[in-house]
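Colleague:
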Amino acid sequence: MKKPIIPLVWQIVIGLVAGIAIGYLLNIYPTHSEWIVAQVLKPAGDIFIKLMKMIVIPVVFSCLVVGIAGHSDSKAVGRMGLKTIFYFLCVTTTAIIVGLIVGNVVKPGAGADLSSMVQHQVSVSTPASANHGFGQVILSIIPDNVIDAMAKGNLLPVIFFAVMFGIGIASLENEKKTSVVNFFSAVADGMFKVTGMIMAYSPIGIFGMIAVTVTDFGVASLLPLVKLIATTYITAILFVIIVFGLIARSVGINIFTVIRFIKDELILAFSSASSTSVLPQLILKTQKFGVDKTVSGFVIPTGYSFNLDGASLFLGIGTLFIAQIYGIHLSLADQMMLVVTMVITSKGAAGVPGFMFVILSATLSSAGIPLEGIAFIAGVYRLMDMPNTALNVLGNTLAPIVIAKWENKFNDTSHASAVKKSRITLSNE
932 MKKPIIPLVW QIVIGLVAGI AIGYLLNIYP THSEWIVAQV LKPAGDIFIK
982 LMKMIVIPVV FSCLVVGIAG HSDSKAVGRM GLKTIFYFLC VTTTAIIVGL
1032 IVGNVVKPGA GADLSSMVQH QVSVSTPASA NHGFGQVILS IIPDNVIDAM
1082 AKGNLLPVIF FAVMFGIGIA SLENEKKTSV VNFFSAVADG MFKVTGMIMA
1132 YSPIGIFGMI AVTVTDFGVA SLLPLVKLIA TTYITAILFV IIVFGLIARS
1182 VGINIFTVIR FIKDELILAF SSASSTSVLP QLILKTQKFG VDKTVSGFVI
1232 PTGYSFNLDG ASLFLGIGTL FIAQIYGIHL SLADQMMLVV TMVITSKGAA
1282 GVPGFMFVIL SATLSSAGIP LEGIAFIAGV YRLMDMPNTA LNVLGNTLAP
1332 IVIAKWENKF NDTSHASAVK KSRITLSNE
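First residue of the sequence shown? That's 932 in the working numbering, and the numbers climb one at a time after it.
1) On the three-pair Cβ rule with 8 angstroms, is the region 1157-1167 touching the region 1317-1330?
2) Taking Cβ to Cβ, would you say I1137 is nearer than 9 angstroms to S1206?
3) With a Cβ-Cβ cutoff of 9 angstroms, do I1198 and L1213 count as a contact?
4) Which whole-angstrom value is the C-beta distance of F1237 and F1019, which I expect to be below 8 angstroms?
5) Is DSSP giving V1182 helix, strand or coil here?
6) Leaving aside the five residues before and after G1183 along the sequence, list all residues of the same chain whose C-beta is less than 8 angstroms from its C-beta, in chain order.
7) Taking Q942 as the reference, which of D1223, A1254, A1082, A1131 has the closest Cα?
8) State the start and end residues of the unbroken alpha helix (DSSP H) segment that holds P961.
9) Spatial neighbours of G1084 within its chain, please: CB distance less than 8 angstroms, with the 5 preceding and 5 following residues excluded, ordered by chain position.
10) Would you list the residues sitting across from F1341 in a DSSP beta bridge?
11) Go through its chain and collect everything with a Cβ distance to G1228's Cβ below 7 angstroms, but skip five positions before and after it.
12) In this structure, does DSSP put A1119 in helix, strand or coil?
13) Where does K1038 fall in DSSP's three states?
14) Would you call V1036 buried or exposed, if buried means 16 or more other Cβ atoms sit within 10 Å of its Cβ?
15) Let me make sure I understand the geometry here. Which of D1079, I1332, V1077 has the alpha-carbon closest to that of F1220?
16) With distance defined between alpha-carbon atoms, name the residue in L1087, P1088, F1114 nearest to I1100.
17) Going by the CB atoms, is the gap between V991 and Y1235 shorter than 9 angstroms?
18) Just the Cα atoms here: how many angstroms apart are V1029 and K1107?
19) Just confirm the distance between the C-beta atoms of T1250 and T1294, as a whole number of angstroms; I'd bet it's less than 8 angstroms.
20) Could you tell me whether the Cβ atoms of I951 and A1142 are closer together than 9 angstroms?
21) Comparing alpha-carbon positions, which option in S1208, G1001, T1126 lies nearest V1112?
22) Rounding to the nearest angstrom, what Cα-Cα distance links S1348 and I1334 in this structure?
23) CB V1022 to CB A1200, shorter than 9 angstroms?
24) Pick helix, strand or coil for S1110, following the three-state DSSP scheme.
25) Using the Cα positions of N1062 and A1298, report the straight-line distance between them to the nearest angstrom.
26) Tell me, to the nearest whole angstrom, how far the beta carbon of L957 is from that of T1146; I am working on the premise that it is less than 8 angstroms.
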């Protein structure tokens, strides 16, 4: 594919700015805005999300199979899996605790007058993890029918089957194993090409999605929630600088180098509020950054269900925000139980817009906080979902780098070359 005259990252920024401008105009001049939103803008955004959701399952399945079956040592797969889950649990738990600390210190819901926000409603349902024990959560991961799970886009059951299938392939004799691994490697490469085609449409999709959002809530409805929105953004930035910065430094990587290397993906994820939209690119980018193919193919798809750092961070802030609106005091013991609940309910969340309402409803139910409180933030949640999604993406880029370092599967030569090229590209832009 020919290199575009305007780099993709700038196309996305243009689409974002234009969408905000059009949305603002449609909000203050509402004549025919309903038709324009329903028939033009919303379909434009929905097309992009559907295209990205279309390729997620094939990419995840093929990359996981290659990542696991490509290992010659089954013990290495198990060791890497344990390290990956341990890392995910540590980082997401840290994010939840940081969110709760910020919520207690800043108190974003204290004294907020949200009477103007009650018109925003959201339908929420409580996930299985909130109604059942740990055993039921485990059962929900195992698919009755993997084809049905794929058709429904249920990522966790697909990951479970892909891991089992990959282990099975790894145990075959070398000739058969090589044939299967080569097939799925070709499938993954083909899906990455399809991703490139879809990305060419992304600026239009971003334009449509952000225009719909701005048209719907306008600027006036932001005012009662300015404190919450500002708290979300500032906390996300500090989490990147402090927590991610320390993690990256511990393995000899500069977090700002990682940010610069995946700037296109971060802007796209931020604009679309969907981490799914950049999953294939992250796998490729981390490989170019120096991460072994078997590590990136395993860690990143798994991280999309178990390593939602931005979502975890907002769980703490959002829960305390709603509790403060209703004047509900949560003791230290209550908040410690919330941490446990959030760690469980945040696992298996889909990387698509809006799923946070389901996770948040489970958390509120466990704490005895009225679910109706979600309606107060429903109208402008997308604005807070944007930095959280970008944080999810950055977290799932850092994770395979850390695991690759731990497993001695990081190519320093490829890393140095990738960093050099990214600096040249950035200076040219």
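We treat Cβ as the ideally placed atom computed from N, Cα and C, and that holds for glycine.
Modeller: Inspection of the coordinates gives the following:
1) yes
2) no
3) no
4) 4 angstroms
5) coil
6) K1336
7) A1131
8) Looking at the DSSP string, P961 is not in any alpha helix (DSSP H), and its letter there is neither H nor E.
9) K984, V987, I988, A1281
10) V1222
11) C994, L995, V997, G998, I1214
12) helix
13) coil
14) exposed
15) I1332
16) F1114
17) yes
18) 48 angstroms
19) 5 angstroms
20) yes
21) G1001
22) 20 angstroms
23) no
24) helix
25) Confidence at N1062 is low in this model, with a pLDDT of 46, below 50, so the placement of that residue is unreliable and no value is reported for it.
26) 4 angstroms
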